[in-house]
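2 protein chains.
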Amino acid sequence: MREVAVLGVGMIPFGKFLNRSLRDLGREACWLAIKDAGVSPKHIEAGYMGNALGAVLQGHTGVGQTVFAEAGLHGIPILNIENACASGSSAFREAWMAIAGGHYDLVIATGVEKTYTEQGGVLDIGEAEPELRLGLSLPGFFALMANRYMAEHGATAEQIAKVSVKNHKHSVLNPYSQYRKAVTLEEVMASPMVADPLTVLQCCPRADGAAAVILGSADYARRLTTSPVLVSAAVLMSGMGDNPSDIIHFRMNEIAAQRAYERAGIGPEDIDVVELHDCFTIAELHHYETLGFCSRGEGVKLLEDGVTQLGGRLPVNVSGGLLSRGHPLGATGIAQIVEIVWQLRGQAGDRQVEGARVGLTHCMGGIKGQDAQATTIHIIRR
Amino acid sequence: MREVAVLGVGMIPFGKFLNRSLRDLGREACWLAIKDAGVSPKHIEAGYMGNALGAVLQGHTGVGQTVFAEAGLHGIPILNIENACASGSSAFREAWMAIAGGHYDLVIATGVEKTYTEQGGVLDIGEAEPELRLGLSLPGFFALMANRYMAEHGATAEQIAKVSVKNHKHSVLNPYSQYRKAVTLEEVMASPMVADPLTVLQCCPRADGAAAVILGSADYARRLTTSPVLVSAAVLMSGMGDNPSDIIHFRMNEIAAQRAYERAGIGPEDIDVVELHDCFTIAELHHYETLGFCSRGEGVKLLEDGVTQLGGRLPVNVSGGLLSRGHPLGATGIAQIVEIVWQLRGQAGDRQVEGARVGLTHCMGGIKGQDAQATTIHIIRR
């Protein structure tokens with residue numbers, strides 16, 4: 001298996017762009033990444049597009065063909081990948097697969113999504129299940145998880161809410177975040193209730209956004225730079241765990257994390273900076289545990305000890321996370337990688353994690369108990 | 383690059399199944415392929431799903447996770463791939479990439495689609511373009527192509543219509559085809575006009591369908607059989623050609639075909655049996671030319687000389703093609719591969735092409751002049 005490098009990254013600040021198309025947002029991200037890599041578009045051999053809801057919300061299939069043509073990339077293989085909230089990170093992994101497998105030397109992986117629409121409605125991922133029709137939407141599921149977590153581990157609603165305080169504090173330092181306003185614990189707790197105990201400031205907001213990454217073989221990268229950013233592991237896992245009734249543990253996350261650490265030849269203790277899927281506050285606490293950063297039920301302690309805040313031993317979501325940046329499904333997984341690459345290069349400005357050499361991104365889509373889950377974990381190093 | 387084999391294939395007869403779900407249709411195809419391969423589902427390492435319109439027509443994202451879970455495949459990476467009408471064939475190619483690149487030894491590629499729906503409407507692939515809103519739907523585009531072809535090459539509407547006669551004649555022999563009725567040239571010409579000169583019997587019908595393929599490394603395959611079916615080339619190309627105003631020539635088809643022949647180390651003269659994308663009669667004539675089976679403008683002669691009918695030197699669409707089988711977008715590309723594998727194994731019953739050793743499948747999505755085109759060409763041999 002060949003070593004793979006990230007040669008260039010690009011992202012637009014996430015926000016609400018009712019008058020910009022997927023085509024328009026995606027092109028800008030592609031151009032930023034191509035410029036950042038310092039490569040010619042003519043040398044890009046394939047394009048991977050992560051987009052989850054373009055067909056449903058914008059009536060737009062073939063998003064990759066549209067965006068890459070708009071970016072000036074013609075006559076290459078293009079693939080559109082949908083893996084719910086992990087669409088972008090799955091596209092990145094497919095790009096990695098192609099280069100690692102020796103098929104190409106230089107490719108682009110882009111994620112784009114517009115979730116702000118004229119119409120409203122509940123975000124529906126997977127088949128229209130009886131559970132959803134009966135009210136078990138995504139906030140409802142994670143609220144169940146939070147209640148179970150509190151019952152099993154003695155955590156309080158306030159402790160869970162502190163994830164939002166931390167990530168919103170980080171977001172102030174990130175010009176790419178949609179919301180850049182610090183919030184107090186009191187504000188989080190007093191914000192409107194969505195699904196008890198999750199208030200609205202504990203649920204990731206919508207966003208329109210796009211992000212892109214240029215990947216190449218390490219040999220190709222070393223012709224351009226003496227210190228390439230390398231992909232140590234890129235893992236995708238789907239399916240339920242062995243105990244579907246264990247509602248507070250995404251078993252597939254654990255399995256994916258174990259595989260990623262094995263492939264990278266490191267352990268969770270070697271990670272310097274993390275972007276993980278904080279779609280809801282409880283999710284971040286949970287992911288501390290499945291990713292191996294602490295034992296089961298110890299997530300709250302990790303948070304309250306300040307380990308995961310900027311300046312701590314293991315800063316998590318210094319970008320502000322999904323909770324502040326917003327969650328344009330197809331773009332989120334690529335945005336996480338862009339942030340980590342900036343961190344590893346020392347280009348993260350005021351939110352720079354000093355001396356970061358190994359980063360981890362974690363993105364997941366679908367709900368446990370249904371079968372639409374896709375978990376991706378990528379380990380990237382300098 | 384490792385050699386890749388097709389270990390097993392499965393397909394359901396295409397038809398109209400208003401009361402069966404994507405989950406249900408897809409599972410059946412998966413099981414048929416798994417049984418045909420004689421492998422344990424536990425040994426399948428990844429799943430690739432081709433589906434184009436599930437999100438739009440059935441409100442169903444994450445089709446692969448749903449179908450593969452239903453088929454008993456848990457805890458594996460699953461990827462949903464949308465490339466318009468070439469979604470299934472693109473999923474097959476991604477599966478090939480993964481094995482050829484050394485990532486896996488055994489995977490499944492499945493295509494499923496339900497195009498019969500309660501609501502009607504024009505099939506819209508790509509971004510909602512001004513051209514479509516002004517009436518340039520897919521039949522409209524191919525009608526323009528037919529008119530231009532007649533003007534340039536002196537072909538007649540009757541000559542183009544003969545493709546439908548040939549393919550419907552083949553369909554009578556194929557129990558997997560949705561329509562199995564021979565039609566006369568007079569019937570084709572007299573059927574209702576859709577877009578002049580294309581009558582309804584010259585336009586592929588809707589269909590619900592599913593098909594699946596088990597792929598493995600050649601080494602893995604040789605443990606199961608002494609004469610594996612091997613993939614000699616798997617090519618995907620997107621984008622417009624260098625002359626978008628040349629409406630009767632899909633330049634990307636030519637480029638993809640050239641690459642496929644190069645990789646397989648053979649030429650068009652070495653192909654024994656072909657399944658190609660006859661979405662409209664004119665398309666088949668055109669593809670004879672871009673795939674290198676004859677020179678430009680010679681497609682009609684190839685057809686009228688009987689070269690491409692069962693019993694001819696190069697039988698094309700002995701399955702009945704899209705024109706008879708119907709076109710469930712995500713399933714079509716996999717169905718073509720299933721048919722070719724049956725032909726190479728000598729399992730095609732009354733429509734068997736005697737002594738077939740090298741087959742080619744060609745599938746494409748999107749319209750030239752727009753940028754949503756995806757062309758796949760796979761060469762498979764015994």
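If you read the sequences in order, they're chains A and B.
Under the working numbering, the residue at position 317 of the first sequence is numbered 317, and the numbers go up by one with no gaps.
Basically the working numbering = 1-based index in the second sequence + 382.
Here a beta-carbon is modelled for each residue, glycine too, at the ideal position from N, C-alpha and C.
Treat the numbers as computed from the prediction; the structure is a model and nothing was measured.
{"Query": "A:T61, DSSP secondary structure in three states", "Result": "coil"}
{"Query": "Beta-bridge partners of B:T743, as assigned by DSSP", "Result": "B:E657, B:H760"}
{"Query": "Same chain, Cβ closer than 8 Å to A:A55, neighbours up to 5 away in sequence not counted", "Result": "T61"}
{"Query": "Whole-angstrom distance between B:G390 and B:I596, CA atom to CA atom", "Result": "5 Å"}
{"Query": "Exposure of B:K750, with buried meaning 16 or more beta-carbon neighbours within 10 Å", "Result": "With a pLDDT of only 49 at B:K750, under the threshold of 50, the placement of this residue in the model should not be trusted; the figure read from the coordinates follows. B:K750 is buried by the Cβ-count criterion."}
{"Query": "In DSSP terms, what A:I108 is bridged to", "Result": "A:G47, A:I214"}
{"Query": "Contact with chain A by B:I637, beta-carbon distance below 8 Å", "Result": "yes"}
{"Query": "CA-to-CA distance, A:S295 to A:T375, given in whole angstroms", "Result": "20 Å"}
{"Query": "Under 8 Å by beta carbon: chain B residues contacting A:E94", "Result": "L461, E476"}
{"Query": "Within-8 Å CB hit, B:A419 to chain A", "Result": "no"}
{"Query": "Within 8 Å, strictly: CB atoms of A:G50 and A:G333", "Result": "yes"}
{"Query": "Whole-angstrom C-beta distance between A:G15 and A:A386, which should lie under 8 Å", "Result": "In the structure as shown, chain A starts at 1 and stops at 382, and residue 386 of chain A therefore has no counterpart that could be examined."}
{"Query": "Neighbourhood of B:H669 by C-beta distance below 7 Å, restricted to the same chain and skipping five residues each side", "Result": "N635, L658, H659, H744"}
{"Query": "DSSP three-state assignment for B:F662, whether helix, strand or coil", "Result": "strand"}
{"Query": "Other residues of its chain near A:I76: CB distance less than 7 Å, five sequence neighbours each side excluded", "Result": "I44, E45, A46, G47"}
{"Query": "Cβ of B:I426 within 8 Å of any chain A Cβ", "Result": "no"}
{"Query": "Unbroken alpha helix (DSSP H) run spanning A:A257, endpoints", "Result": "251-264"}
{"Query": "Residues bridged to B:I460 [DSSP beta-bridge criterion]", "Result": "B:G429"}
{"Query": "Delimiting residues of the alpha helix (DSSP H) encompassing A:M145", "Result": "138-153"}
{"Query": "Span separating the alpha-carbon of B:G408 from that of A:G312", "Result": "48 Å"}
{"Query": "Pair within 8 Å by beta-carbon distance, A:D36 and A:Y220", "Result": "no"}
{"Query": "A:S238 at chain B interface by Cβ criterion, 8 Å", "Result": "yes"}
{"Query": "For B:G390: DSSP bridge partner residues", "Result": "B:I596"}
{"Query": "Assigned secondary structure, B:D590 (DSSP; H/G/I helix, E/B strand, else coil)", "Result": "strand"}
{"Query": "is_contact[B:K750, chain A] using C-beta, thresh 8 Å", "Result": "The pLDDT assigned to B:K750 is 49, lower than 50, so where the model puts this residue is not dependable; a value taken from the coordinates is nonetheless given after this. No, B:K750 lies away from the interface with chain A (no Cβ there is under 8 Å from its Cβ)."}
{"Query": "Contact set between B:I709 and chain A, taken where Cβ atoms lie within less than 8 Å", "Result": "Here residue 709 of chain B turns out to be His, not Ile, going by the sequence shown. Chain A residues near B:H709: none, gap ~15 Å exceeds 8 Å."}
{"Query": "Where the alpha helix (DSSP H) through B:L468 begins and ends", "Result": "For the record, residue 468 of chain B in the displayed sequence is Ala; it is not Leu. Counting along the chain, B:A468 falls outside any alpha helix (DSSP H), and DSSP gives it neither H nor E."}
{"Query": "Three-way DSSP call (helix, strand, coil) for A:V234 in this model", "Result": "Strictly speaking, residue 234 of chain A in this sequence is Ala, with Val absent from that position. Looking at A:A234 - three-state DSSP - the assignment turns out to be strand."}
{"Query": "7 Å CB neighbourhood of A:P268 in its chain, flanking five on each side removed", "Result": "Y261, L291, G292, F293"}
{"Query": "Contact set between the stretch 479-499 of chain B and chain A, restricted to residues whose Cβ is under 8 Å from the partner", "Result": "M479, A480, A482, G483, G484, H485"}
{"Query": "Own chain residues within Cβ distance below 6 Å of A:R180, not counting five before or after", "Result": "S171, V172"}
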